[in-house]
Every structure is written in structure tokens, then in C-alpha cells.
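All residue numbers for the sequence shown refer to the numbering used here, where the first residue is 4 and numbers rise by one. Input: a single structure, listed below in C-alpha cells.
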Amino acid sequence: MKKFITFEGIDGSGKSTVSKRVYEELKRRGYSAIYTFEPTDGEIGKCTKKCIDKGADPLVIALLFIADRIEHVRKIKKWLEEGHIVLCDRYVDSTYAYQSVQLEGQMEDPLEWLRQLSNFVIKPDRTFLFDIDPEEAISRIKGRKTTRFENAEFLKKVRKRYIDIATESRFKILDARKGIEDLVKECVKDIMENDGD
Ligand code: TYD
């Protein structure tokens, strides 16, 4: 069984809905699971969100996401040591995908820079990548409070970057146009299977 699972994808891909349902299903089956997310609701996570809203410098935003994660990883390690299954809505790949696109033109190789600053992270056993066309994703989140990142042109680049980085075996790319129930089943089945690596 896999123990540390992350959910990734562009805004509106449905990963939050599906991950919460996966959490409920694991609990229903009697597993001790923890549901967590990034940006976190801690001090740094809240500050990160404010800075995005204010349109802060992308370098500042990148470093805030990483700082938020440093504290989060400490908690995740503890939960895993205590024997819980940890489900995390967004993790390091969000930074690789979103911030590497945001930092394009500001430095030579933003993705490599972000990877170097992320050597403290623990590797998920599985990362579900919810893949969807940005136009469709945006139409799903219409009416909800949106962030600066939620425009089709930017999300197109983020989607492509996600696919480019999803080369390790821990990734499983899911067609996010499928129904919620099918996606939940697919994730739960995969989590129950052996770690593989
Ligand atoms: P999101 O998961 O949408 O939080 P909420 O639904 O609670 O508002 O995250 C907010 C935005 O932050 C989203 O557009 C993705 C972006 N983001 C990054 O750019 N880098 C990161 O490392 C993370 C975790 C999120």
C-alpha cells in the first residue's frame, strides 16, 4: 500500500474534490489517513496567498511556497512515522510547474533552481496528475473566487510543464474529464496496490 500520496493539476482540474473523496473512502475502509494541502493554512501559507493576491514578485512567491513546504514536510514526516497515510492536495510539483513558468525569463533555468532549493522534500509514493484542457478547467471554476494564476494562457503553459516533469515512475496521469466517481475508484485502487518502486 502506498503511504504518501500527492494530487497535482491546474486550477479547476478537480483534484481537490477527488482527493477529499479518496480520503473519505480510505477512512470508510478503516485506514488511518490524514488529508493535508498546500499552500497550508499556517502563517507562511496564508502570507503566500496574500502575496499572490497582491501581485508580489514571482521570486518572493517561489521562496514563500518553499518556506511553507519546509514546515509542512516536517509535519508530513511525523504523520508518516506515526503510521498514517498522508494525502496532500498540491506539493512540490506545483512549485515546479507554476513557479518555473512564472520565473521564465528571470533566470537561466528556473526549474533547475527550484529543484535545488527543494532538496529537503520527501518523495511521494504516488503523484496523481489531473490533466485537463485549461479552457474546460476555467469554465468549471467560474463563479468561485479566483487567483491571479487562473487564466487560460498561463495555465496552458503550466499544464505542459506538469506533463514535461511527470517522467518519474511515481507519477500517474489521469484524464480529469472522467467522472468524479471513476477517478476516486482509480485513485483508491492504485493506492491499495503495492508501492512498485
Ligand atoms: P490552491 O490549491 O488553488 O488553493 P485554494 O484552492 O485553497 O485557493 O492554491 C492556490 C494557488 O497557488 C493555485 O493557483 C496554485 C498555486 N500554487 C503555486 O503556484 N505553487 C505552489 O507551490 C502551490 C502549492 C500552489
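All residues carry an ideal CB built from backbone N, CA and C; glycine is no exception.
Per-residue burial, residue i [other beta carbons within 10 Å of its own, 16 or more giving buried]
i: Asp14; result: buried
i: Ser172; result: exposed
i: Gly33; result: exposed
i: Asp96; result: buried
i: Asp17; result: Before going on, a small fix: residue 17 reads as Gly here, not Asp. Gly17 comes out buried.
i: Glu139; result: exposed
i: Asp200; result: Its pLDDT being 48, under 50, Asp200 is placed unreliably by the model, and the measurement read from it follows with that caveat. Asp200 is exposed by the Cβ-count criterion.
Which residues DSSP lists as bridging residue i, in chain order
i: Ile8; result: Leu90 and Arg129
i: Thr170; result: Paired residues: none, contrary to the question.
i: Thr39; result: Cys91
i: Ile176; result: Leu132
i: Met110; result: Glu107
Among the options, nearest to residue i - alpha-carbon criterion
i: Tyr99; options: Ile79, Lys163 and Glu28; result: Lys163
i: Lys81; options: Ala36, Tyr101, Lys57 and Arg24; result: Ala36
i: Asp92; options: Asn197, Met195, Arg24 and Cys54; result: Arg24
i: Ile176; options: Phe152, Phe133 and Phe10; result: Phe133
i: Tyr165; options: Ile73, Arg143, Asp60 and Tyr101; result: Tyr101
i: Ser142; options: Phe131, Ala155 and Ile55; result: Ala155
i: Val124; options: Ile135, Asp60 and Ala70; result: Ala70
CB-CB length for residue i against residue j, believed under 8 Å
i: Cys190; j: Val21; result: 7 Å
### Query
Which residues have a Cβ closer than 5 Å to any heavy atom of the ligand TYD, listed in chain order?
Every residue passing the under-5 Å Cβ criterion appears here: Asp14, Glu41, Phe68, Arg93, Ser97, Thr98, Tyr101, Thr150 and Phe152.
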